[in-house]
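Note sheet for the following structure.
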Amino acid sequence: MGDTVLKPGVVTGADYDKLVQACKSGGYALPAVNVTGTNTVNAVLEAAAKNKSDIIIQLSNGGAQFFAGQGFPDGGLAKVLGAVSAARHVHLLAEHYGVCVVLHTDHANKKLIPWVEGMLDHGEAFFKETGKPLFSSHMLDLSEEDLDWNIEECARVLTRMAKIGMSLEIELGVTGGEEDGIGGEFEESADNSKLYTQPADVLKAYDRLSPIGSFSVAASFGNVHGVYKPGNVKLRPEILKNSQDLVTSTHKTGANPLNLVFHGGSGSDKGQIKEAVSYGVFKMNIDTDTQFAFSAPVGAFVEENDRAFKYQIDPDSGTPYKKFYDPRKWLRAAEVGMAARLDEACADLGSAGKTVAG
Ligand SMILES: [Zn+2]
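For the sequence shown, position 135 (counting from the first letter as 1) is numbered 123 according to this note's numbering, and the numbering increases by one without interruption.
If you want it as structure tokens, here you go:
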């Protein structure tokens, strides 16, 4: 504990595993922030550097498509090339921010397996060129499928990924809410017992996947994507402990053998975040809250300078408004807002000041 030192920049393979281990033994987790373009990527890097926190930069399939451009003629190809473009941007810049950066992708259901395989084609080519994969880890969310099929398909894809030093995040149990149209049904008033992962399922996945390579598990403990009215989401972090305990007692491992991921971190109670981290959560996804933090300052900026968004030169006073409508002004306000929300995430997760980059 505390001995891990890695080179700053994108971490993959054995270094990724060391970073995850440093988080778990140090009792902290990393924010995994969804990005959609260079403004959000740079805001995340800026916040990570300022907080001396290692960080996870993540793209959903929709975020990757947006990165390539909404006008890109082929949506399927845009999801692949947008992800590749984002990853190359981060590989080029990350080391200069002086922290370790994990590159990840978010939910891919059965229909999106070709997206993951398309990114792996590029990842393998990049590996040949540089000795590193493009991404540290992808995610396959086959939690809506039959459990055995979910695990076998994850085993097949992980076998390919392990060859180039990549990790795989899987999902067992259903995270409520929707993200890019993916995710389980969630009704705020309904009985949401489906939202809790069974420890026996986690053990089954561990038995099948751990001989193949590095993997992490998004386990459901009542978490939902998005932000809902207080009281409607009942988090039960002890579900995570039950899974860890079952694997520990079955395989006589040390404490917290599983690398766990907390989806739907936006809007969560800080005490329960701490409890989840104590049970081996090393990654907490955050999207909804950082989206709001990016957009709210733009709203305020436009409100304060409303005439600058109607006229290039004020028709009454003759004032030129270039320095207000220049996109760098209001986009910078957005970046600053997003980075400030990440100060809070790094504090909540205990990652501030803990970078292993040296
Ligand atoms: Zn999720």
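Every residue gets a Cβ at the ideal spot worked out from N, C-alpha and C, and that includes glycine.
Are the C-beta atoms of Lys116 and some chain D residue less than 7 Å apart? The structure shown contains no chain D, having only a single protein chain.
Please report the straight-line C-alpha distance between Ala2 and Glu332, rounded to a whole angstrom. 29 Å
Contact between the segment 119 to 137 and the segment 50 to 62 is defined here as three or more beta-carbon pairs at a separation below 8 Å; is this criterion met? no
With three or more C-beta pairs closer than 8 Å as the rule, is the segment 304 to 322 touching the segment 7 to 26? no
Under a Cβ-count criterion, where at least 16 other Cβ atoms within 10 Å of its own Cβ denotes burial, should Val190 be classed as buried or exposed? buried
Cα-Cα separation between Ser177 and Phe250, rounded to whole angstroms: With a pLDDT of 44 at Ser177, under the threshold of 50, the modelled position of this residue cannot be trusted; read the value that follows with caution. Each residue's alpha carbon lies about 22 Å from the other.
On the DSSP bridge list, what partners appear for Asp282? Here residue 282 is Phe; the residue named in the question, Asp, does not match the sequence. For Phe282, which the question treats as bridged, DSSP gives no partner whatsoever.
Considering Cα atoms alone, identify which of Glu34, Asp129 and Ala71 is closest to Ala82. Glu34
Classify Phe174: buried if its beta carbon has 16 or more other beta carbons within 10 angstroms, exposed otherwise. Because Phe174 carries a pLDDT of 47, less than 50, the predicted location of this residue cannot be relied on, and the following value inherits that uncertainty. Buried, since its Cβ has 16 or more Cβ neighbours within 10 Å.
For the pair the segment 296 to 303 and the segment 218 to 238, tell me if three or more CB-CB distances fall below 8 Å. no
With a threshold of 6 Å on Cβ separation, who are the neighbours of Gly341 within its own chain once the five nearest residues in sequence on each side are excluded? Lys40
Given this structure, state the Cα-to-Cα distance separating Ser202 from Lys192, to the nearest angstrom. 15 Å
Fully enclosed by the segment 86 to 171, which alpha helix (DSSP H) runs are 4 residues long or longer? 101 to 118 and 135 to 150
Contact test: His92 Cβ vs ligand 1 heavy atom, cutoff 6 Å: no
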